[in-house]
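Residue numbering for the sequence shown follows my numbering, starting at 787 and increasing by one per position. Think of the CB as a built atom: it goes at the ideal place given N, C-alpha and C, for glycine as much as any other residue. Being a predicted model, the structure only gives us computed values, none of them experimental. Some notes on the structure that comes next.
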Amino acid sequence: MVNIIWLIMLICGIITAAVKGNIEQVTESALKAAELGIEVAIQLMGVMSLWMGIMHIAEKAGLIQALAKISGPLVRKLFPSLRTDSPAFGPIIMNLCANILGLGNAATPFGLKAMQELQKENPHPDTASPAMITFLALNTSCLTLIPASIIAVRMKAGSENPTEIIGTTIFATGCAMVAAVIFDYLFRKRNKL
Numbered sequence: 787m788v789n790i791i792w793l794i795m796l797i798c799g800i801i802t803a804a805v806k807g808n809i810e811q812v813t814e815s816a817l818k819a820a821e822l823g824i825e826v827a828i829q830l831m832g833v834m835s836l837w838m839g840i841m842h843i844a845e846k847a848g849l850i851q852a853l854a855k856i857s858g859p860l861v862r863k864l865f866p867s868l869r870t871d872s873p874a875f876g877p878i879i880m881n882l883c884a885n886i887l888g889l890g891n892a893a894t895p896f897g898l899k900a901m902q903e904l905q906k907e908n909p910h911p912d913t914a915s916p917a918m919i920t921f922l923a924l925n926t927s928c929l930t931l932i933p934a935s936i937i938a939v940r941m942k943a944g945s946e947n948p949t950e951i952i953g954t955t956i957f958a959t960g961c962a963m964v965a966a967v968i969f970d971y972l973f974r975k976r977n978k979l
């Protein structure tokens, strides 16, 4: 469906430019946008590589296991249906840490691993388990303390103060995460009844 919407928007833009006699601007803009896309992607690769490396070092040094022990009681309260020794807790915590640091791309592999582990414990493989639903709600609405990817994009775009979004990002993502946790709890409680 999204592909159809994009196709319609592209066709409408090209037709409008052709009718107004500005078709060369469409070509020029498309080429500039492609060039900018490559530049931003290369810059983001550097930022992502840095943070992925830091996360990998933290994992190898045992920092993630220590973080898992510290945050374990809270995470277990959020996932009451999981066993206390569930192998899903590690990837869940790694995913949340990456999201908190604003590294959505780095969080994706951990999210996939968490879902695989959660599926192994799912008593009904054709339906998402409560733990899977809770994880999805947390993953999509996670608190972000350092929006590293957005800061990198703002730096590339020439922002005078690329970090000025940190306060509003913390507030907005904090509200989103609190709402997700509350609604997940309420829906889970309602479904038990």
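Check: Can we say the region 919-933 touches the region 953-970, given the rule of at least three CB pairs closer than 8 Å?
Finding: With the cut-off at 8 Å, the region 919-933 and the region 953-970 touch.
Notebook entry, point to check: Given a threshold of 16 other Cβ atoms within 10 Å of its Cβ, counted over all protein chains shown, does proline 909 qualify as buried or as exposed?
Noted result: Against the sequence shown, residue 909 aligns to sequence position 123. Counting of Cβ neighbours within 10 angstroms places proline 909 among the exposed residues, the total staying below 16.
Checklist line | Assumed close pair asparagine 925, asparagine 885 - CB separation to whole angstroms, cut-off 8 Å | finding: Numbered from 1 along the sequence shown, position 139 holds the residue referred to as residue 925. Numbered from 1 along the sequence shown, position 99 holds the residue referred to as residue 885. So it is a contact: roughly 7 Å between Cβ atoms.
Next item on the list: Please confirm whether serine 867 and serine 915 have their CB atoms less than 8 Å apart.
Entry: Position 81 of the sequence shown holds residue 867. Position 129 of the sequence shown holds residue 915. Pairing serine 867 with serine 915 gives a Cβ-Cβ distance under 8 Å.
Next item on the list: Specify the secondary structure class of methionine 880 as computed by DSSP and reduced to three states.
Entry: Working through the sequence shown from its first residue, we reach residue 880 at position 94. DSSP places methionine 880 in helix when its eight states are reduced to three.
Next item on the list: Select from Ser815, Gly953, Glu946 the residue whose C-alpha is nearest the C-alpha of proline 933.
Entry: As a working note, residue 933 is residue 147 in the sequence shown. Considering only alpha carbons, the answer is Gly953.
Notebook entry, point to check: In chain order, what residues of the same chain have a beta carbon less than 8 Å from the beta carbon of isoleucine 951, not counting five sequence neighbours either side?
Noted result: Walking along the sequence shown from the start, residue 951 turns up at place 165. Counting only Cβ-Cβ distances below 8 Å, and skipping sequence neighbours, we find Pro933, Ile936, Ile937, Arg940.
Check: Expressed to the nearest angstrom, what Euclidean distance is found between the alpha-carbon atoms of alanine 819 and isoleucine 790?
Finding: Counting from one through the sequence shown, the residue named residue 819 turns up at place 33. Counting from one through the sequence shown, the residue named residue 790 turns up at place 4. One C-alpha to the other measures close to 21 Å.
Note to self: Report the CB separation of valine 812 from glycine 823 in whole angstroms; it is logged as a contact under 8 Å.
What the structure shows: Taking the sequence shown and counting its residues from 1, the one referred to as residue 812 is at position 26. Taking the sequence shown and counting its residues from 1, the one referred to as residue 823 is at position 37. That belief does not hold up - the Cβ atoms of valine 812 and glycine 823 are roughly 16 Å apart, past 8 Å.
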